[in-house]
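Undergrad: Handing you this structure, nothing more for now.
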Amino acid sequence: MIILIIKSTIIFVKSVEHVDNEHVNVGRSSTVSIGFDVKFVHYEKKINKGKKKIKVIILLKEVKAKYLSYDDQFKILIQTGNIITQQLKDANEDSSEHESTLKVLENRWQELHKQILKCEQDIEQSRFNDELQVLTKLRNEYQTWIDSTPLSSSNTENQAKLTSFQTYNERLAHLKRMADRFDTNTLQRTNDLLRSWDDTQSRLRERTIPVEHMQQQSSGVTTSSNITSFRQTGVTSIPISPNRSEINDQSSSSATTTTNLGPSIGENGSVFTLTNIYTFGGNDGSYNNGSTELPSDKYRVKSYVEVFDQPSTQQDSEYERRYRESHSSSVTRKIRTSATDTYDYGQNGNYESSQYQHHYETTSPSSIKHIHGHKSPDTSYLSVLPTIYTDIQRKLRVWLEYVEPSLLYDKTRVTDIHSINMKKKVYKDLLDQTFEQEHNLESLNKIANEYYSKLTIEVTRLLKEELNNYRDRLNDIKMFLSERLTKSSNLDKALNDFESGIEEVKIWIRTTQTRLVSETSSYGLENQFDRNQTLQHEIREMQTIINRLNKDLIDLTQDADDNLARRLREEMRQLNESWSHFISSTKNYSQNIQDALKRNKLIQEDIRELDDWIMDKEREILLDDGSIFYHEQIRERLEQYQRLQTELTLKEHTVRTLIEQANQSSPELAQQIDTIISNWSNLLKRVDNKVIFYTDLYKLHEELKDLLYHENIWLDTLQNRIYTTGNTNVDLEDASEELDSLERFLKAHSKAGYEKVFEISDRLQIMKVSIPAINSQINQFRIRWEQLHEDVTKKIHTLNSQISDYQQLRHQITAMFEWMNHTDSILNSRLKDDVYASDVPSEADKLSVEFTQYETFLRTIEDKIHSLRIIGKHDAAKRLEQQFISLKNQFTQLKNKFRQFQKPSDFEPKYAKMRQILQDVEQNIYTLEIRSDDPDVVHNQLEHCLKLYKTLSDIKSEVEYVIRIGRGIVEKGQTDESNDVTRQIDQLKAIYNTLGAKVSTSRNQLDSVERHLRKFRKEYSHIHEWFVKADHEIRKIENKQVSKNTKEETDWIRTTRNDIKKLEANFEILRNLERTIQKDAERSLPSLYEKINELKRQIDQLDRRLKDRFEIVEVIKTKPLFI
1 MIILIIKSTI IFVKSVEHVD NEHVNVGRSS TVSIGFDVKF VHYEKKINKG KKKIKVIILL
61 KEVKAKYLSY DDQFKILIQT GNIITQQLKD ANEDSSEHES TLKVLENRWQ ELHKQILKCE
121 QDIEQSRFND ELQVLTKLRN EYQTWIDSTP LSSSNTENQA KLTSFQTYNE RLAHLKRMAD
181 RFDTNTLQRT NDLLRSWDDT QSRLRERTIP VEHMQQQSSG VTTSSNITSF RQTGVTSIPI
241 SPNRSEINDQ SSSSATTTTN LGPSIGENGS VFTLTNIYTF GGNDGSYNNG STELPSDKYR
301 VKSYVEVFDQ PSTQQDSEYE RRYRESHSSS VTRKIRTSAT DTYDYGQNGN YESSQYQHHY
361 ETTSPSSIKH IHGHKSPDTS YLSVLPTIYT DIQRKLRVWL EYVEPSLLYD KTRVTDIHSI
421 NMKKKVYKDL LDQTFEQEHN LESLNKIANE YYSKLTIEVT RLLKEELNNY RDRLNDIKMF
481 LSERLTKSSN LDKALNDFES GIEEVKIWIR TTQTRLVSET SSYGLENQFD RNQTLQHEIR
541 EMQTIINRLN KDLIDLTQDA DDNLARRLRE EMRQLNESWS HFISSTKNYS QNIQDALKRN
601 KLIQEDIREL DDWIMDKERE ILLDDGSIFY HEQIRERLEQ YQRLQTELTL KEHTVRTLIE
661 QANQSSPELA QQIDTIISNW SNLLKRVDNK VIFYTDLYKL HEELKDLLYH ENIWLDTLQN
721 RIYTTGNTNV DLEDASEELD SLERFLKAHS KAGYEKVFEI SDRLQIMKVS IPAINSQINQ
781 FRIRWEQLHE DVTKKIHTLN SQISDYQQLR HQITAMFEWM NHTDSILNSR LKDDVYASDV
841 PSEADKLSVE FTQYETFLRT IEDKIHSLRI IGKHDAAKRL EQQFISLKNQ FTQLKNKFRQ
901 FQKPSDFEPK YAKMRQILQD VEQNIYTLEI RSDDPDVVHN QLEHCLKLYK TLSDIKSEVE
961 YVIRIGRGIV EKGQTDESND VTRQIDQLKA IYNTLGAKVS TSRNQLDSVE RHLRKFRKEY
1021 SHIHEWFVKA DHEIRKIENK QVSKNTKEET DWIRTTRNDI KKLEANFEIL RNLERTIQKD
1081 AERSLPSLYE KINELKRQID QLDRRLKDRF EIVEVIKTKP LFI
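Now the structure itself:
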């Protein structure tokens, strides 16, 4: 079944590959189309591609589902196959075919798994490539839109593009996770896309932020213009001189232009922006803005104010061009918040403060320049005017001559609030004095009007010009003072607003930082995320304020004292640095929240995976642990739970990490984590209990085996002590020593081990462990224990008996010496009188019995000596051996005499008779050679052979008797010429065996040759008789006259010739018989070959005669008849 599943699944996998190959072929064939057909094929291919991908995925799911459904069965199959293989090996049967089949099956199953994994990886790679291609295309579309859309596009469109662009971030993250599972090339492609994506997103954000600021400021110009730009307020109510009016109009137009741009535009028409660049680094995580000395920080926030020159237009006034050239030509003011102070950089990069006084020098009263540029008018007409006029006129002129130079060189240098207030008081006093002088001027005008009629025209003209000059000069002074007073008030308000703004930002930063800390510890992630969105909105509003403060700093430092400017810049630098750090922390805070949310999602997925894993393991534990009948089951179950324990140990770090991550992430995961901890603890406890149970079980089993092993070793030692020495102790001291040793050995071994074995066995039975092999060993141990203890009791009894038997052995040795002396005298007298055992059989039988008894006694002594040596009793063995050697030597001499006495008297006559018969047979053996092909002759030879065979059969028993008697004489030493007797016996045996083999071979040979010769004769006779008949018939035909009525004759000739062809088989039989006969006879018989050839020649000649006759008859039949 498994093999069928593998085959079908492999067909599924191959079908998946076929779908891919088919798709490639379609793609290749479609490239030849043109026009509308190309488009149609392209669309159709895309549709088919989507369908085929779905088909591939469905096929792969079916394949994988089938694979997983049969995976457990396959494992059981392999396990069962291995058990069967082991059983075959234990039974010493051939298991190679079974093992090779299992190996092939397992290899195919693994190959199938590899193919499934490869298909899954290919599908994942295809999904990754499609997603990468889609995202790359989207990024290119956004990049094309950025390049083709002007910067002045609406903020709504920019914001919409940025929002839609950011919706793909989750897909980018998913793409990154997919790339992590592939090779480095894929990961590099993904990183390249991410960098390009970040660049495009940065460009979109840069387009969105400046436009947003400009729109906000342009909508709020009425409320903030008094802080961020210089105004000409409170001046329109005062008459303005023509020259001054031109200048003020130019200034107003410039200020109006500036105001329309909002607080992001400076007085010189330059654009100010404060940009927070969240730098996440390049390839190495660093950001470099043109300075290699700045430290690299992967998450560094750089806040700076940039001043960009606004290009001059043809409508710019000369005043505006001079103002830009003197103040901001090629100037970039940057406030770096990383580590440096605030500086003003000119064209050469040096700090310049003196340039900011030019504006005030150009706004001095025009009347003063006019006065200083012309000669004083003639004052001769003053004598006509009254004295009050001259006094007032002199005071006015003196006042003007005093005030104008001081105002001409007056410079607005702000040092602090007190100095500004002092300046304001001076300007206000001078303005009051100006109003008084205007009142005096009015008095002069009244007086002059009264005297115009009394004065000449020229004097009147000069007087009017002088009064007009005074009026203009007073107007210029009044306008100048009003402007300075207004400017001082504005500076005072701007400085107060600047400092209060800085303090407000600082307080907001501190409050927000405190709030961030409290939110981090008090609210959940979702709540923190919502609050973070609100915070980001507040940060954007606060960013506008900081941008305004940076711009106000530039305005304030233009007229500020160096110390004040340095202090203001330092405060602003510290604020920008604090803001930068705050932005960095909020960026990290926001990123941490997003990361925490992602981590929470990942943690929840990990929790679900871990919970599923725990449930799976619990289901594995729930399997029934039944009774154990094989010792391998203990080890297998222990290893199973140890593997599970190892998995839990390896998984423990993951669980701890997951718990720590969950505890650090958010309280929402607490309940899930508590459930996981509870399930994990229960699983650990159950697995540990199982491991402890089976470990104890395994230890009990091993302890039982160890006890059985040591107890059996002790029993083996006891058995050796009992059975090794046996009854070999013939020395009194050794027997006593062995008895004492055995008793001490028994006392030294406690019976506790024996009792422990059965105690453990009972415990195992209680724990449902009933292993037949162990039970059998325990039963055998019990039986052996009881048997050996019974045997050792018998051994002790035997040793006690041996000690008492030692004296009896000495008496037996003495009795044997006496018997040998008596028997020796008897044998000497018999041999001297040529009397043998056959002559006195009763006496011989008695002596034979006695010799046998004493031989047994000697062997007993020899065995005891050998036993003593084996057990290390060398002294006892040596003492006994000395007595034994003397006893044995005398017994051997006596036995030789007895053998001579036992020598048979009929051996020589029988030997001579058998020798003669064998010589007769040997002389007639030549008559059995085959020399004739006559079966009757061979039959006679066979009968003669059978007679020889019968002769040998008849004497076989007698030959064997002679050989046996001769061997016995030699073995018993009953002759002094043992070598000659042995040689004669060997020759007799060899001759008999040789003749027997020859006669047997000749009998078989003659019988076979006779049978084949008779077959040959029969076959030959059959052919020859047929030939004789055919020859007789053909002779009769040849003697007759040929006639035309010869149909019967032609039919006979044709039949006879067919019979001749059939005779080829008979001739082949003859040849085979000939070869067989020659092979059996082991010589060639030429007569047989000649007979066959002669008969063959005759048959061939007959065939030619028949052929000739047939041709003659055919010729006669075809001749015409003539009369």
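Numbering (the working numbering), first residue to last: 1 to 1123.
C-beta atoms are modelled at their ideal positions from N, C-alpha and C, and glycine is treated no differently.
Computed from a predicted model, the values in this text were never measured in an experiment.
Please list, in chain order, all residues of the same chain as residue 606 whose beta carbon is under 7 Å from its beta carbon, the five residues on each side excluded.
TA: So the qualifying residues of the chain are 658.
Undergrad: Between residue 154 and residue 407, what straight-line distance do the alpha-carbon atoms span, to the nearest angstrom?
TA: Distance between the alpha carbons of residue 154 and residue 407 is about 49 Å.
Undergrad: Under the three-state reduction of DSSP, which class applies to residue 1167: helix, strand or coil?
TA: Residue coverage of the chain in this structure runs from 1 to 1123, which leaves residue 1167 outside it and unanswerable.
Undergrad: From this set, 1013, 1104, 1103, which residue's C-alpha is nearest residue 1074's C-alpha?
TA: 1013
Undergrad: Take residue 393 as the anchor and find which of 682, 444, 669 has the nearest alpha-carbon.
TA: 444
Undergrad: Tell me which residue opens and which closes the alpha helix (DSSP H) that residue 92 is part of.
TA: Unbroken run through residue 92: none, as it is neither H nor E.
Undergrad: For residue 770, count neighbouring C-beta atoms within 10 Å of its own C-beta (all shown protein chains included) and say buried if the count is 16 or more, exposed if not.
TA: exposed
Undergrad: Between residue 694 and residue 637, how many whole angstroms is the CB-CB distance? I'm expecting something under 8 Å.
TA: 5 Å
Undergrad: Within this structure, are the beta carbons of residue 129 and residue 207 separated by less than 7 Å?
TA: No, the Cβ-Cβ distance between residue 129 and residue 207 is not below 7 Å.
Undergrad: Would you mind sorting residue 546 into buried or exposed? The rule is 16 or more other CB atoms within 10 Å of its CB.
TA: buried
Undergrad: To the nearest angstrom, how far is the alpha carbon of residue 205 from that of residue 506?
TA: 26 Å
Undergrad: Find out if the Cβ-Cβ distance for the pair residue 471, residue 441 is shorter than 7 Å.
TA: yes
Undergrad: May I ask you to check if the CB of residue 538 is nearer than 6 Å to at least one heavy atom of the ligand ADP?
TA: Only the bare structure without any ligand can be found here, which leaves the ligand ADP out of the picture.
Undergrad: Buried or exposed: where does residue 533 fall if 16 or more other Cβ atoms within 10 Å of its Cβ makes it buried?
TA: Looking at its Cβ environment, which holds fewer than 16 other Cβ atoms inside 10 Å, residue 533 is exposed.
Undergrad: Of the choices 781, 702, 528, whose alpha-carbon is the least far from that of residue 715?
TA: 781
Undergrad: How many angstroms separate the CA atom of residue 63 from the CA atom of residue 621?
TA: 29 Å
Undergrad: How about the region 185–203 and the region 124–143: do they share at least three Cβ pairs that are nearer than 8 Å?
TA: yes
Undergrad: Starting from the C-beta of residue 647, find all residues in its chain whose C-beta is less than 8 Å away, skip the five residues before and the five after it, and write them out in chain order.
TA: 617
Undergrad: Strictly by DSSP, which residues pair up with residue 769?
TA: 628
Undergrad: Is it true that the CB of residue 948 sits closer than 7 Å to the CB of residue 999?
TA: yes
Undergrad: Express the C-alpha separation of residue 102 and residue 70 in angstroms, rounding to a whole number.
TA: 16 Å
Undergrad: With a 10 Å radius around its C-beta and 16 neighbouring C-beta atoms as the bar for buried, classify residue 704 as buried or exposed.
TA: buried
Undergrad: Could you pull out every unbroken alpha helix (DSSP H) segment of at least 4 residues lying fully inside the region 662–743, listed in chain order?
TA: 670–723
Undergrad: Select from 1019, 1051, 575 the residue whose C-alpha is nearest the C-alpha of residue 553.
TA: Considering only alpha carbons, the answer is 575.
Undergrad: Going by DSSP, what residue range makes up the alpha helix (DSSP H) through residue 1008?
TA: 978–1039
Undergrad: Is the beta carbon of residue 502 sitting closer than 7 Å to the one on residue 582?
TA: no
Undergrad: Looking at residue 1113: is its Cβ nearer than 7 Å to the Cβ of residue 1046?
TA: Going by C-beta atoms, residue 1113 is nearer than 7 Å to residue 1046.
Undergrad: How would you call residue 185, buried or exposed, if buried means at least 16 neighbouring beta carbons within 10 angstroms?
TA: exposed
Undergrad: Under a three-way DSSP split, which group does residue 837 fall into?
TA: coil
Undergrad: Comparing C-alpha positions only, which one of 1103, 958, 893 sits nearest to residue 916?
TA: If we check each option's Cα against that of residue 916, 958 comes out closest.
Undergrad: Output needed for residue 376: all residues of its chain with C-beta closer than 8 Å, excluding positions within five of it in sequence on either side, in chain order.
TA: Low confidence applies here, because residue 376 scores a pLDDT of 44, under 50, leaving its location unreliable; read the following figure in that light. Excluding residues within five positions, none has a Cβ falling inside 8 Å.
Undergrad: Measure from the alpha carbon of residue 661 to the alpha carbon of each residue in 644, 711, 601, then state which is nearest.
TA: Of the listed residues, the one whose Cα sits closest to residue 661 is 601.
Undergrad: Note the first and the last residue of the continuous alpha helix (DSSP H) segment covering residue 582.
TA: Membership of residue 582 in the alpha helix (DSSP H) is indicated by the continuous run 562–621.
Undergrad: Can you look up residue 434 in the DSSP assignment and give me helix, strand or coil?
TA: helix
Undergrad: Are the CB atoms of residue 877 and residue 869 within a distance shorter than 7 Å?
TA: yes
Undergrad: Does DSSP put residue 953 in a helix, in a strand, or in coil?
TA: helix
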